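K.L.:
Using full-length UniProt numbering, read the sequence shown as starting at 1 and increasing by one per residue.
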Amino acid sequence: MKNYLIFIPLALLAACSPEAEEPAADKIITPTSTAESATSASATAADANTLTLDGLGALRIGQRIPSGSSFASRGAQIPGSTCRTLSSPDYPGVVAMTVDGELRRITVSKGSNVALVEGISAGATEAEVRATFPGFQESPHKYLAAPGKYLTQPGADPRLHFEIDTDEKVSMIHVGTLPELTWVEGCA
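#1: Can you tell me where the alpha helix (DSSP H) with T85 in it begins and where it stops?
#2: If you compare alpha carbons, which of D47, A48, N49 and L53 is closest to H174?
#3: Is the region 88-95 close to the region 108-116, with three or more CB pairs under 8 Å?
#4: Considering only their Cβ atoms, is the gap separating S171 from E163 smaller than 8 Å?
#5: Buried or exposed: which applies to G135, given that a residue is buried once 16 or more other Cβ atoms fall within 10 Å of its Cβ?
#6: How is the beta strand (DSSP E) around A96 delimited, first residue to last?
#7: What number of angstroms, rounded off, separates the C-alpha of A188 from the C-alpha of I78?
#8: Using CA atoms only, rank isn't needed, just tell me which of D167, P158, E185 and A48 is closest to D90.
#9: May I ask which residues mark the beginning and end of the alpha helix (DSSP H) holding V184?
#10: Pick out whichever of P154, E168 and I61 has its Cα sitting closest to the Cα of T107.
#11: What does a CB cutoff of less than 7 Å around P66 pick up in its chain, not counting 5 residues either side in sequence?
#12: Take the Cβ of E21 as the centre, count every other Cβ of all protein chains shown within 10 Å, and call the residue buried at 16 or more, exposed below.
#13: Can you tell me the Cβ-Cβ gap for K142 and V99, rounded? I've got them flagged as a contact below 8 Å.
#14: May I ask you to report which of helix, strand or coil DSSP gives R74?
#15: In whole angstroms, give me the CA-to-CA distance for S51 and G80.
#16: I'd like the ranges of any beta strand (DSSP E) spanning at least 3 consecutive residues and lying wholly in the region 94-133.
#17: Which word fits A124, buried or exposed, when buried means at least 16 other C-beta atoms lie within 10 angstroms of its C-beta?
Here it is, written out as structure tokens:
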């Protein structure tokens, strides 16, 4: 009989505790595709100095610069233009480009400690880029003689665009959307 008395308080406690609520159908988040799931996972795993097709740190291609971001317009801008270049003291060698307030391109140059998730950074060799990204389209550099060139990812935006200098090394990496991705002189 004593054993039953122990179970009575436990049964009462269980009866009084709320049941686990089922999440509402509109609150359940499920990825719509494997690619979206993989992109989210890679963005989550990327640290603040890892450049992905989605962006860099809190900067996201296709979105506005987050409030409180250290990226801001510094230096001369083209008067009357909706294109702006922004930089941050937290990211030396990185420039963000916005058009109509939307982030369209992120550029990483030599001297930056930012690298692509694949490990490629400014200063990498053209051979490393081609081994990591086969099939990129080659075009002549606007200001440098060969072997200077551009290597651009084919396909849909956002995409990658590399500037290769005459030493056959990456001088700049651009991530963004066309047409701004391939603009040679920034907003100019």
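In this text, a Cβ means the ideal position worked out from N, Cα and C, and glycines have one as well.
Note that the coordinates shown come from a computational prediction; the quantities given were computed from them, not determined experimentally.
P.N.:
This is what the structure gives:
#1: That residue, T85, is in no alpha helix (DSSP H); its beta strand (DSSP E) goes C83 to S87.
#2: Comparing alpha carbon positions, the residue from D47, A48, N49 and L53 closest to H174 is L53.
#3: These segments touch.
#4: It is a contact, given that the beta carbons lie within the stated cut-off.
#5: Exposed, because fewer than 16 other Cβ atoms sit within 10 Å of the Cβ of G135.
#6: Its beta strand (DSSP E) spans residues V94 to V99.
#7: Looking at the two C-alpha atoms, the distance is approximately 7 Å.
#8: If we check each option's Cα against that of D90, A48 comes out closest.
#9: Counting along the chain, V184 falls outside any alpha helix (DSSP H), and DSSP gives it neither H nor E.
#10: It is I61.
#11: Cβ within range, chain order: A58.
#12: Per-residue confidence for E21 stands at a pLDDT of 38, beneath the threshold of 50, marking its modelled position as unreliable; no derived number is given.
#13: Actually they are not in contact, since the Cβ atoms of K142 and V99 sit about 20 Å apart, beyond 8 Å.
#14: R74 falls in the coil class under three-state DSSP.
#15: It is worth fixing the name first, because residue 51 is Leu in this sequence and not Ser. Taking the Cα positions, L51 is about 30 Å away from G80.
#16: Unbroken beta strand (DSSP E) stretches of 3 residues or longer found wholly inside the region 94-133: 94-99 and 102-109, given in chain order.
#17: Buried is the call here.
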